[in-house]
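Single-structure report; data block below.
There are 2 protein chains.
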Amino acid sequence: MKPKLDDVAKLANVSKTTVSRVLNKRGYLSQETIDKVYDAMEKLNYQPNTVARQLYNKKTNIIGLLFPTVSNPFFGELVEELEKKLYSQGYKVIIGNSMNDPEKEKNYLNQLLSNQVDGLIVGTHNQNIQQYQNENLPIVAIDRIMNQDIPVIESDNYSGGKQATERLIQKGAKKIIHTTGPDTLDTPANRRREAYEETMTYHGLQPIHYSVDFNISYTEKTGIFNQIFIDHPDVDGVFASNDVDALLIMQIAKKFNKNIPEDLLIVGYDGSKIMRNMFPNLTTIVQPIEEIANKALEVLNLRLEKQETLSEYILPVSIWNGSTC
Amino acid sequence: MKPKLDDVAKLANVSKTTVSRVLNKRGYLSQETIDKVYDAMEKLNYQPNTVARQLYNKKTNIIGLLFPTVSNPFFGELVEELEKKLYSQGYKVIIGNSMNDPEKEKNYLNQLLSNQVDGLIVGTHNQNIQQYQNENLPIVAIDRIMNQDIPVIESDNYSGGKQATERLIQKGAKKIIHTTGPDTLDTPANRRREAYEETMTYHGLQPIHYSVDFNISYTEKTGIFNQIFIDHPDVDGVFASNDVDALLIMQIAKKFNKNIPEDLLIVGYDGSKIMRNMFPNLTTIVQPIEEIANKALEVLNLRLEKQETLSEYILPVSIWNGSTC
DNA sequence: TTGTAAGCGTTATCAG
DNA sequence: CTGATAACGCTTACAA
Numbered sequence: 001m002k003p004k005l006d007d008v009a010k011l012a013n014v015s016k017t018t019v020s021r022v023l024n025k026r027g028y029l030s031q032e033t034i035d036k037v038y039d040a041m042e043k044l045n046y047q048p049n050t051v052a053r054q055l056y057n058k059k060t061n062i063i064g065l066l067f068p069t070v071s072n073p074f075f076g077e078l079v080e081e082l083e084k085k086l087y088s089q090g091y092k093v094i095i096g097n098s099m100n101d102p103e104k105e106k107n108y109l110n111q112l113l114s115n116q117v118d119g120l121i122v123g124t125h126n127q128n129i130q131q132y133q134n135e136n137l138p139i140v141a142i143d144r145i146m147n148q149d150i151p152v153i154e155s156d157n158y159s160g161g162k163q164a165t166e167r168l169i170q171k172g173a174k175k176i177i178h179t180t181g182p183d184t185l186d187t188p189a190n191r192r193r194e195a196y197e198e199t200m201t202y203h204g205l206q207p208i209h210y211s212v213d214f215n216i217s218y219t220e221k222t223g224i225f226n227q228i229f230i231d232h233p234d235v236d237g238v239f240a241s242n243d244v245d246a247l248l249i250m251q252i253a254k255k256f257n258k259n260i261p262e263d264l265l266i267v268g269y270d271g272s273k274i275m276r277n278m279f280p281n282l283t284t285i286v287q288p289i290e291e292i293a294n295k296a297l298e299v300l301n302l303r304l305e306k307q308e309t310l311s312e313y314i315l316p317v318s319i320w321n322g323s324t325c
Numbered sequence: 326m327k328p329k330l331d332d333v334a335k336l337a338n339v340s341k342t343t344v345s346r347v348l349n350k351r352g353y354l355s356q357e358t359i360d361k362v363y364d365a366m367e368k369l370n371y372q373p374n375t376v377a378r379q380l381y382n383k384k385t386n387i388i389g390l391l392f393p394t395v396s397n398p399f400f401g402e403l404v405e406e407l408e409k410k411l412y413s414q415g416y417k418v419i420i421g422n423s424m425n426d427p428e429k430e431k432n433y434l435n436q437l438l439s440n441q442v443d444g445l446i447v448g449t450h451n452q453n454i455q456q457y458q459n460e461n462l463p464i465v466a467i468d469r470i471m472n473q474d475i476p477v478i479e480s481d482n483y484s485g486g487k488q489a490t491e492r493l494i495q496k497g498a499k500k501i502i503h504t505t506g507p508d509t510l511d512t513p514a515n516r517r518r519e520a521y522e523e524t525m526t527y528h529g530l531q532p533i534h535y536s537v538d539f540n541i542s543y544t545e546k547t548g549i550f551n552q553i554f555i556d557h558p559d560v561d562g563v564f565a566s567n568d569v570d571a572l573l574i575m576q577i578a579k580k581f582n583k584n585i586p587e588d589l590l591i592v593g594y595d596g597s598k599i600m601r602n603m604f605p606n607l608t609t610i611v612q613p614i615e616e617i618a619n620k621a622l623e624v625l626n627l628r629l630e631k632q633e634t635l636s637e638y639i640l641p642v643s644i645w646n647g648s649t650c
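Those protein sequences? They're chains E and R, same order as listed.
Quick note on numbering: the first sequence equals residues 1 to 325 in our numbering.
Quick note on numbering: the second sequence equals residues 326 to 650 in our numbering.
Printed below as a string of structure tokens:
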């Protein structure tokens, strides 16, 4: 059996209180007592029970992170950044990969809301989850609209969409296709599409978009992207909704004998560090992952301290000049 | 204040015991009581306190995952796979990205060992952490040697190293350089290097390796990889320790005007799904990520049930035939 | 400087 | 079928 406070107390011939005081370095204690207690803890290899402490303190020092998938580099880097910073603040993180499955998200939520976490950072993309309302748990959303009470951190999607589209047009593309997430969601990322459509229209070009569900397999995705080239053999520009898709499309373009950038221009989205290093050629819109993480934590901390926050924080994007556009 | 069991009990005019019974669907209860209680819970928007349950049950239903970094696709996919499967078993996961920093790992460990988690899956690469001994917490290691008591899941590193090296040789490379992790660690991954060296020697070739610390920046990494081409302008083959590095090296090769595969053959390692889809051209040794995750959980479950396990489980690797070698 | 006792929010035993 | 009550392991008034 794991030793508990009481065992230490008995071995050291003091009370539980005293041991607790030593443990938490609180109150006045004689050096002698302190030594005795440490000795006993050592002997028993004592480790305080975190759960008991959590119960008393009503604080778990755990933050929940709910994201679609950690295997997409954008989320991977974001989660890593968040974890790193939370760790240095003394928090641990529980991660839920919702895979954008509403059931799973709802489930996670219910569990996490039950005093399991001190706060929540949510970056999944589902609608109609009302649970987020009924708690006064500090929550921050990343790139996701939830409700009035929950602040959203996002990068400037409209500007990103505009920059991408203008870049493609300026480099001579006329038939530009945009891949997006599912049409049905109301997320800040939709502003990319708005920007794309407005920019296209402004230049007298016809916007065309293909929406791709998250959480489908690579095989299915490849199927959809193939279809683009079948439906539009004359496509000469693609604005992909993320870098992984951009690269997938590049692979498929090859099969259709399209050379990049001669026959087809491509712009991606996200610009995670790992992508920019592995494939610097890909022209892409860079979301400031580190700044997003910083801002999310800054706002979460405000909420944890019950302070006021804005309801939206928009961070600037930049463009990475590769050779695909 | 959050409502508690007692509040529900009062509102429903029953005892805490009864509410608890309803909550856990245990024992005999009249339908009337059940309805009353559910009503009260509804009205108060009651949610049971997980921490209190954890304390009583001495079980948190949390598994700790300690990995170097979730932003490398190999670990990203592995962690995702583990999370997905643990979730379906009713576990949540606390993730620690150790960045291979021994301090951080030790710290995480200490915290997690304190009754915070029911089990641990460790895939970081540090030495000399003795803490793992003194607990009877179920632990499983992935690709990491810890101590006799802790079962290790790994893919067949020797075979992987041999296949990679032989492939390079067979395709005509003579001056083949191998990049590895730090020399100082005793990990199963070292068997790749052994295999590389033995295979090279067997073919009368001179093994040369460059060791690259984890947790250095991309800039530093690039520096080291640059050095390879400066030190060995006649290099015609590279066996990289992972796919990310393989791609980094490909970028650098370009700068040195080496065409792939004409002037330089490259074989990577890991073969995560995302990599194989984004860069199908990269010839690489594929670790069976899903099987590793499955086996790790199978073994962890055995440990959780206090059953015997083997001390080592080795899973087969395969080769992905790209065009870089 | 140290100890006693109550309480954090559950669950299970045992009695009715 | 239902209710007191103790217990899970720790922290903190309050007392001494």
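C-beta atoms are modelled at their ideal positions from N, C-alpha and C, and glycine is treated no differently.
Run down chain R in chain order and give the residues with a C-beta less than 9 angstroms from the C-beta of E:E83. In chain order: V395, I420, G421, N422.
Whose C-alpha, out of R:E357, R:D332, R:S480, R:V333, is nearest the C-alpha of R:E637? R:S480
Cβ-Cβ distance between E:I260 and E:I142 below 8 angstroms: no
Verify whether the separation of the beta carbon atoms of E:L265 and E:A189 is less than 8 angstroms. no
Neighbour flag for E:V212 against chain R, beta carbons, 8 angstroms: No, because no Cβ of chain R sits closer than 8 angstroms to the Cβ of E:V212.
Environment of E:H203 [buried if 16+ CB atoms lie within 10 Å]: exposed
Going straight from the alpha carbon of R:R378 to that of E:K106, what length do you get? Put simply, the backbone Cα of R:R378 is about 21 angstroms away from that of E:K106.
Quick check on R:Q441: buried or exposed, where buried means 16 or more other Cβ atoms within 10 Å of its Cβ? buried
Cβ contact check for the segment 80-89 of chain E and the segment 14-24 of chain E: 3 or more pairs under 8 angstroms: The answer is no - the segment 14-24 of chain E does not touch the segment 80-89 of chain E, with fewer than three Cβ pairs under 8 angstroms.
Can you tell me where the alpha helix (DSSP H) holding E:Y202 begins and where it ends? Annotation: the continuous alpha helix (DSSP H) that includes E:Y202 extends over 190-202.
Whole-Å CB distance - R:I533 paired with R:N551, under 8 angstroms assumed: Contact flag wrong, Cβ pair sits at about 16 angstroms.
Beta-bridge partners of E:E312, as assigned by DSSP: E:V152
So R:N440 contacts chain E; which residues on that side make the cut at Cβ distance below 9 angstroms? K2, Q47, P48, N49, T50, V51, A52
Counted within 10 angstroms of its Cβ, other Cβ atoms place E:K295 as buried (16 or more) or exposed: The residue is buried, with at least 16 neighbouring Cβ atoms inside 10 Å.
In this structure, how does DSSP classify R:D595 when only helix, strand and coil are distinguished? strand
Cβ pair count under 8 angstroms reaching 3, the segment 88-103 of chain E against the segment 410-418 of chain R: With the cut-off at 8 angstroms, the segment 88-103 of chain E and the segment 410-418 of chain R touch.
Proximity winner among R:M326, R:K327, R:Q473, R:N567, relative to R:S597 (alpha-carbon distances): Of the listed residues, the one whose Cα sits closest to R:S597 is R:N567.
If you draw a straight line from the C-alpha of E:D149 to the C-alpha of E:T309, how long is it? Computed Cα separation, rounded: 10 angstroms.
Which bits of chain E does R:I599 rub up against, with CB to CB less than 7 angstroms? Taking a Cβ-Cβ cut-off of 7 angstroms, the neighbours of R:I599 in chain E comprise S71, V244, given in sequence order.
Sort out for me which residues DSSP pairs E:L66 with in a bridge. In DSSP, E:L66 forms a bridge with E:G96, E:V122.
Collapsed DSSP secondary structure at R:T608 in the structure displayed: Three-state DSSP puts R:T608 in coil, outside helix and strand.
Between which two residues does the alpha helix (DSSP H) containing R:I617 stretch? 614-629
For the candidate residues R:P641, R:I599, R:G593, R:M600, whose alpha-carbon lies nearest to that of R:T609? R:G593
Contacts of R:Y543 in chain E (Cβ-Cβ under 7 angstroms): K273, N277
Any C-beta of chain E sitting closer than 8 angstroms to the C-beta of R:E405? yes
Output the residue ranges of the alpha helix (DSSP H) runs that lie fully inside the segment 336-367 of chain R and measure 4 residues or longer, sorted by chain position. 341-349
Chain R partners of E:E194, CB-CB under 8 angstroms? Within 8 angstroms Cβ-Cβ: nothing; E:E194 doesn't reach chain R, min ~28 angstroms.
Any contact between the segment 498-511 of chain R and the segment 387-402 of chain R? By contact I mean 3 or more CB pairs, one from each, below 8 angstroms. Verdict: no, contact absent.
Along the beta strand (DSSP E) that carries R:I585, what are the first and last residues, could you check? First-last for R:I585: undefined, no H or E at that position.
Look up R:L434 in the DSSP assignment and say whether it is helix, strand or coil. In this structure, R:L434 counts as helix in the three-state DSSP scheme.
Could you give the distance in angstroms between the alpha-carbon of R:V465 and the alpha-carbon of R:T512? 14 angstroms
Tell me the rounded alpha-carbon separation between E:K16 and E:R144. 48 angstroms
Check the Cβ of E:P280 against every Cβ in chain R and list those closer than 9 angstroms, keeping chain order. Q576
Starting from R:A489, trace the alpha helix (DSSP H) both ways and give me its first and last residue. 482-495
Residues sharing a beta bridge with R:I501, DSSP: R:G562
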